[in-house]
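Numbered continuously in the working numbering, the sequence shown closes out at residue 523.
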Amino acid sequence: MIRFGACLAVAVIAAPLAGQQPAIYRAQPDTQFLMVINPYHMYWVRGTDTVSQPILEAQVETEVWRQVQGQLEVFDRVADLNTARTVKYDTFTVSPRGVIQPLKGRALGFTDDNDLVPHLPDRPLAPGTAWSDTVQTKSGGPAGDGLLSLARVYRVLRVFDSAGMHLTEVAATGTVHYRDSWWVDSAAGKLVSLDAIGPHREGFLLAARDGRLVSRWWSMNLVGRGVLPGPDGPDTVPAGLVSSQSESPISRDRARLLTRDLPGPDTTFTYNRGVVFVHTVQHDSTHVASGMARADGLVGTADAHYHHGSVVSFSATWTDTAATARRISISASHDSLRVTDVSHADTVLAPPTAWWGVADYAMGELLVPAFLAHASDTAAAPFAVYRPFARHWDTGTAKVRPLGEYLLASYRLGTDTASTYLLISRSGELLMGENSDPTGANRMPAEGTPKRAVLDAFLKTLQSR
């Protein structure tokens, strides 16, 4: 899908085939679940420096199609697999040939899924059938009207049977013109803009007899000019956008797993020149459930049980844009850790005789029970952490010391060049982390939240001491 705009024209190039009917979209008896992956790289070149924003977006889209008075109505749910974990709902009316309009009469915008399905011609699809369309949307912006215009020529490559479906393969080529701008500091009048043109390639598979789009992909490489804020005012520089997208069906179970809720109400973020991870935690004296999501769609959820600070059982599920999930579980006895990992053979490990814990990188909350159990220690001691995802031990030293009404745990493991610090409440809440996976990152509640206010007040008191 390309979230561009409404189709302005559809011109059929090939002649109709006698005895066949034009392909149309139909209401579907089942809910459709789609994995959408969109890596893109927006860049500006200033002298010998390149200012760039390489991003990978992953989404799970859920579509419900039904027939309504000669038109199709599509309920669309898009769940972002990123640190925001946002979910967007929309409803469109779609003509049998794919012309899309949102309900309630509002205008189509850049962020709408206005290219939900390719437009189809008014004649049968057979090898060599060709048609064209132009998609164009305008949008406001601080530098003037934004524009997204896409002209395509489609051609049927082949018609074939596969896995019980009668499929039509279509390819398209075209040209994209993208112009947009946005504020980076509206109070200071600083904005960024991009105006670029380039080629577009696209392809899709259609189950024509069922009236169903099966899969779709596209790519574009746009070059042009853009504006960046500079020390002496705005700079106009070479700029561009390289982008691609794939859309493929997934099962209901996989869709639910990918979009599963992160456990617990306690939310913090890891920052390192922007948000790196979002974390959620739910805990009590013997149990920690936690979740972590990364901007590129990686999601980990873990559940651990403890006895006097030592892990008794641990389980984790990791998902990303790969086809299968990775599930890891650990059970502990007095002299062994049994590790079950769907990606590897079962392993039995001997836990260290000294202080140890189990936690993947960026999930320091799983070490909190181990630190609370050693809160009365007065000196640094040998410490080891088993990393289930990486399947290895990190060894080093750790220490816990009182810091006002909180505890400060610090540890340095493996090849770390600096210690990690975790600020922990005596009830077991991880309030803040420094150098907290990755190196140089800080983990804390979001600005404007009550927990951030508590943290800021404590840090201010600490500085005054």
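Note that the Cβ used here is the ideal one computed from N, Cα and C, for glycine as well.
Quick one: what's got a C-beta closer than 6 Å to residue i's C-beta in the same chain, skipping five residues either side?
i	result
Glu-528	Here the chain covers residues 59 to 523 and nothing more, so residue 528 does not appear.
Ser-468	Lys-457, Ser-477, Tyr-479
Asn-140	Ala-353
Ala-428	Gly-367, Gly-415
Gln-125	Ala-85
His-402	none
Thr-325	Thr-338
Leu-356	Asp-378
Gln-303	Asn-96, Trp-276
Tyr-212	Trp-189, Val-228, Ala-230
Gln-159	Thr-151
Asp-253	Arg-237, Gly-282, Arg-283
What does the alpha-carbon distance come out to for the pair residue i and residue j?
i	j	result
Thr-398	Gly-498	32 Å
Pro-307	Val-272	7 Å
Tyr-364	Leu-395	14 Å
Ser-309	Ala-439	49 Å
Thr-338	Phe-447	19 Å
Gln-127	Ala-85	12 Å
Gln-521	Thr-149	53 Å
Ala-265	Asp-88	15 Å
Trp-276	Glu-260	4 Å
Asp-393	Thr-377	31 Å
His-20	Val-400	Because the chain spans 59 through 523 in this model, residue 20 falls outside it and cannot be assessed.
Gly-332	Pro-80	50 Å
Asp-48	Thr-359	Here the chain has residues from 59 to 523 only, and residue 48 is not among them.
Thr-328	Ser-494	8 Å
Leu-513	Ala-383	36 Å
Ser-301	Leu-280	9 Å
Ser-434	Asp-474	25 Å
Val-132	Arg-274	18 Å
Gln-90	Leu-407	43 Å
Buried or exposed: residue i, going by 16 or more other Cβ atoms within 10 Å of its Cβ?
i	result
Glu-463	exposed
Ser-343	exposed
Arg-270	buried
Phe-441	buried
Pro-112	exposed
Phe-62	In this prediction, Phe-62 scores a pLDDT of 40, lower than 50, which makes its location untrustworthy; the coordinate-derived value is nonetheless stated afterwards. The residue in question, Phe-62, is buried, as its Cβ has 16 or more Cβ neighbours within 10 Å.
Leu-481	buried
Thr-519	exposed
Val-250	buried
Phe-335	buried
Gln-117	buried
Thr-107	In the sequence on display, residue 107 carries Asp and not Thr. By the 10 Å Cβ count, Asp-107 comes out exposed.
Thr-195	buried
For the beta strand (DSSP E) containing residue i, list its first residue and its last residue.
i	result
Pro-296	291-307
Thr-192	188-197
Val-416	413-416
Thr-398	395-399
Phe-11	Nothing about residue 11 can be reported from this structure: the residues present for the chain run from 59 to 523 only.
Met-223	223-243
Phe-262	248-265
Ser-348	345-352
Val-145	145-152
Ser-494	Run containing Ser-494: none; DSSP gives neither H nor E here.
Thr-478	478-483
Starting from residue i and walking both ways along the alpha helix (DSSP H), at which residues does that stretch end?
i	result
Leu-80	A small correction: the amino acid at residue 80 is Pro; Leu does not occupy that position in the sequence shown. From DSSP, Pro-80 is part of no alpha helix (DSSP H); its letter is neither H nor E.
Leu-315	310-316
Arg-510	508-522
Phe-429	426-431
Below 7 Å CB to CB, which residues in the same chain sit around residue i once its five sequence neighbours on both sides are set aside?
i	result
His-526	The requested residue 526 does not occur in the structure, where the chain is confined to residues 59 to 523.
Pro-410	Ala-442
Thr-405	Val-397
Arg-216	Pro-185, Glu-227
Phe-218	Leu-225
Gly-232	Leu-208, Ala-209, Arg-210, Val-211, His-258
Could you confirm whether any beta carbon from chain D is found closer than 7 Å to the beta carbon of residue i?
i	result
His-363	The chain inventory of the structure shown lacks chain D, comprising one protein chain alone.
Requested in this report: Mind the definition here: the stretch 312-326 touches the stretch 289-303 only if three or more C-beta pairs lie below 8 Å; say whether that holds.
Outcome: no
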